[in-house]
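Here the structure is laid out as structure tokens; the discussion comes afterwards.
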Amino acid sequence: FDVTNRRLFWSGSMYEMLGFPPVGNVVSFTDAARMMHPTDGNLYALARAISRGNAKQVDQVFRMRHAAGHYVWMRARAQVVRMANGRTHVIGIAMDVTEQHRLAERYAEADQRLADAIECTSEAFVLWDKNDRLVMCNTHFQQAHGLPDSVLVPGTERSTVLGASARPVIERRVADPDRSGLSRTTEVQLADERWLQINERRTRDGGTVSVGTDITLLKRHQERLRDSERRLMATIGDLSASQKKLERQKEELSTANANYQAEKERAEAANKAKSEFLANMSHELRTPLNAILGFSEILVNGMFGPLGSAKYSEYSRDIHDSGKHLLNVINDILDMSKIEAGHMLIQSEPVNLTPLIEESLRLTAVVAQEKQIAIRQCLSPSLDMIGDRRALKQVMLNLLSNAVKFTDEGGRIELRAKPISGGIVLTIADTGIGIPKASLSKIGQPFEQVQSQYAKSKGGSGLGLAISRSLITLHGGTMRIRSVMGKGTVVSIHIPQSDMVQFAAKKVA
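Each number in our numbering corresponds to the 1-based position in the sequence shown with 35 added.
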């Protein structure tokens with residue numbers, strides 16, 4: 036780069052990176068400036084800075100327009116050289132860093148999806164690196180420990196974060212069956228009298244992941260067991276002090292002892308189940324979720340006896356429902372991740388859509404009947420095609436479930452399917468709450484949901500439509516959504532017959 040004469044000297048590799056045929060090694064300053072992306076830098080300003088002696092080296096990342104019309108990310112590294120004749124030259128190299136830039140964007144998107152999933156969990160979650168510095172945490176962790184936003188900055192020392200937290204009233208170490216030293220379990224009582232069971236486990240890179248589960252109800256139940264034991268011991272003491280009531284107290288003692296043994300066996304069984312759960316817990320989410328679902332189902336069914344207050348049964352159902360919801364969210368996230376990573380395979384096989392539609396209708400019929408929603412179907416006799424049976428069923432079930440979920444009681448849903456020239460069109464129309472116009476462009480993207488109080492109350496991962504759109508795209512088809520607030524929504528999918536064989540048994544790119 037001859038700064039004095041405003042001329043650039045390009046090698047053949049530079050022309051090749053930008054897709055231009057080499058027409059000489061001299062490029063005009065004006066042509067080069069026009070090729071740069073307007074928001075990435077100003078070649079004239081750089082030249083002025085070099086001329087004034089304000090820059091001795093150049094190391095910049097910017098975009099330049101390729102001959103095909105798109106932009107290429109470049110990194111230029113150069114040294115400013117003052118010649119003996121007074122001229123100023125800039126000598127260096129330029130590298131194509133487009134792929135590195137794309138990878139960085141993908142990593143950032145993956146980190147955001149992980150952060151969103153962790154934020155959705157009901158546990159207090161925090162991750163420290165191998166140097167005990169904060170990597171990430173969710174809102175439940177911040178609220179449980181009363182931490183201000185100022186200390187929850189990635190890179191903050193663990194001692195600083197814990198020093199700013201509210202000190203627990205009680206903290207005790209729990210015996211851990213895993214003797215490898217890679218995990219530790221602690222029970223703490225917070226200032227608001229809630230109890231947390233905190234399980235810490237080492238990660239492969241030497242960091243620490245900590246998950247805090249609310250065990251307040253379990254602690255209260257254990258306290259009632261200890262009260263029963265203390266009352267039993269008091270009864271035994273009274274027996275030795277009163278010979279006249281020996282026979283009556285003996286009978287009471289026998290009954291109380293039987294109750295005590297039953298309670299003890301239940302406590303031991305619960306403790307054993309808890310120990311097995313902790314022994315199998317890992318940093319992966321499915322394992323602890325399955326245990327939560329199992330234990331909550333035991334409490335709901337009263338397998339070991341009544342819990343006492345009806346509130347406990349209600350809480351148990353809430354835990355079970357939340358666990359199922361979170362497991363569905365994780366399954367959706369895993370499906371979406373598999374699709375985005377290119378690991379989802381579509382099989383090529385003859386499929387008749389009619390049985391798949393009828394099976395999906397049966398699976399959603401119970402909720403539809405409870406809400407008194409009328410479902411009308413109009414299916415053409417011939418709905419044969421080439422595609423993936425499992426993937427197509429998942430699409431239909433997702434769309435029907437959404438229609439039932441967001442349609443008020445007494446509403447209507449209409450399902451139509453017919454072959455057209457070169458493919459099949461399936462349409463599902465409902466009289467539900469509708470989708471705001473501003474949200475239509477986001478619907479079908481991962482983790483995007485309609486921002487209304489009614490929609491939020493229905494829950495969900497926001498991935499159902501995204502997964503459906505991806506599976507239809509994999510079949511070479513399209514999905515369109517039309518909606519009017521307060522009137523309803525129409526979802527149409529079109530699968531072209533000509534592309535089915537081409538897309539079958541092919542990974543998502």
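Each residue gets a CB set at the ideal place from its N, CA and C atoms; glycine is no exception.
Here the structure is a predicted model, which means the values were calculated and not measured.
Test: Val93 CB closer than 8 Å to a CB of chain C: No chain C appears in this structure, which consists of one protein chain only.
Per DSSP, the bridge partner or partners of Trp108: Here residue 108 is taken as the residue at index 73 of the sequence shown, counted from 1. Under DSSP, the beta-bridge partners assigned to Trp108 are Arg98.
Inter-stretch contact at 8 Å, needing at least 3 Cβ pairs: the region 72-80 / the region 89-99: yes
Contacting residues, own chain, Cβ-Cβ under 8 Å from Leu342 (five flanking each side not counted): Residue mapping note: residue 342 aligns to position 307 of the sequence shown, counting from 1. Excluding sequence neighbours, Leu342 sits near His256, Leu334, Ser348, Ser351.
Rounded Cβ spacing between Val107 and Met52 (contact assumed at less than 8 Å): Locating residue 107 in the sequence shown gives position 72, counting from the first residue. Locating residue 52 in the sequence shown gives position 17, counting from the first residue. Between Met52 and Val107 the Cβ distance is about 7 Å, and since that is below 8 Å, they are a contact.
Boundaries of the beta strand (DSSP E) in which Glu235 is found, first to last residue: As a first step, residue 235 must be located in the sequence shown, where it is residue number 200. 230-237 is the span of the beta strand (DSSP E), which, as asked, contains Glu235.
Test item: CB-CB of Gly469 and Asp443 under 8 Å: As a position in the sequence shown, residue 469 is number 434, starting the count at 1. As a position in the sequence shown, residue 443 is number 408, starting the count at 1. No, the pair does not count as a contact, with Cβ atoms beyond the cut-off.
Any non-hydrogen atom of the ligand FAD within 7 Å of Glu282 CB: Looking for the ligand FAD in the displayed structure turns up nothing, as the structure carries no ligands at all.
Which listed residue (Thr508, Val525, Thr524) has its alpha carbon closest to that of Gln532: In the sequence shown, the residue the question calls residue 532 occupies position 497. For the residues Thr508, Val525, Thr524, the minimum Cα distance to Gln532 belongs to Thr508.
Cβ pair count under 8 Å reaching 3, the region 242-255 against the region 154-172: yes
Three-state secondary structure (DSSP) of Gln92: For the purposes of this step, residue 92 is taken as the residue at position 57 of the sequence shown. Reduced to three states, the DSSP call for Gln92 is strand.
Spatial distance of Asn325 from Asp353 (CA atoms): Walking along the sequence shown from the start, residue 325 turns up at place 290. Walking along the sequence shown from the start, residue 353 turns up at place 318. Approximately 15 Å, taken between the alpha carbons.
Inter-residue Cα distance where the pair is Ile233 and Gly127: Here the question's residue 233 lines up with position 198 in the sequence shown. Here the question's residue 127 lines up with position 92 in the sequence shown. Spanning the two alpha carbons is a distance of roughly 55 Å.
DSSP three-state assignment for Pro183, whether helix, strand or coil: Translated into positions along the sequence shown, residue 183 becomes position 148. Looking at Pro183 - three-state DSSP - the assignment turns out to be coil, as it is neither helix nor strand.
N-terminal and C-terminal residue of the alpha helix (DSSP H) that Gly422 is part of: Here residue 422 refers to the residue found at position 387 when the sequence shown is read from its first residue. It is not in any alpha helix (DSSP H) - Gly422 instead sits in the beta strand (DSSP E) that spans 419-422.
Under 8 Å between C-beta atoms of Leu187 and Gln177: As a position in the sequence shown, residue 187 is number 152, starting the count at 1. As a position in the sequence shown, residue 177 is number 142, starting the count at 1. Against a cut-off of 8 Å, the Cβ pair of Gln177 and Leu187 comes out as a contact.
When Pro189, Leu225, Ser194, Asp184 are compared against Val204, the one with the closest alpha-carbon: Counted from its first residue, the sequence shown places residue 204 at position 169. Val204 has its Cα closest to that of Leu225, out of Pro189, Leu225, Ser194, Asp184.
Helix, strand or coil at Gln114 according to DSSP, with G and I counted as helix: Here residue 114 refers to the residue found at position 79 when the sequence shown is read from its first residue. Three-state result, Gln114: strand.
Three-state secondary structure assigned by DSSP to Gly329: By one-based count along the sequence shown, residue 329 stands at place 294. It is helical.
Simplified DSSP state of Phe44, which is helix, strand or coil: Here residue 44 corresponds to residue number 9 of the sequence shown, with the count starting at 1. Note: Phe44 maps to strand in three-state DSSP.
Proximity winner among Arg301, Gln278, Ala269, relative to Leu253 (alpha-carbon distances): The residue labelled residue 253 in the question sits at position 218 within the sequence shown. For Leu253, the nearest C-alpha among the options comes from Arg301.
Simplified DSSP assignment, three categories, for Ala409: Locating residue 409 in the sequence shown gives position 374, where the first residue counts as 1. The answer is strand: DSSP assigns Ala409 an E or B state.
Alpha helix (DSSP H) segments (min. 4 residues) lying fully within the region 498-539: 499-509, 532-538
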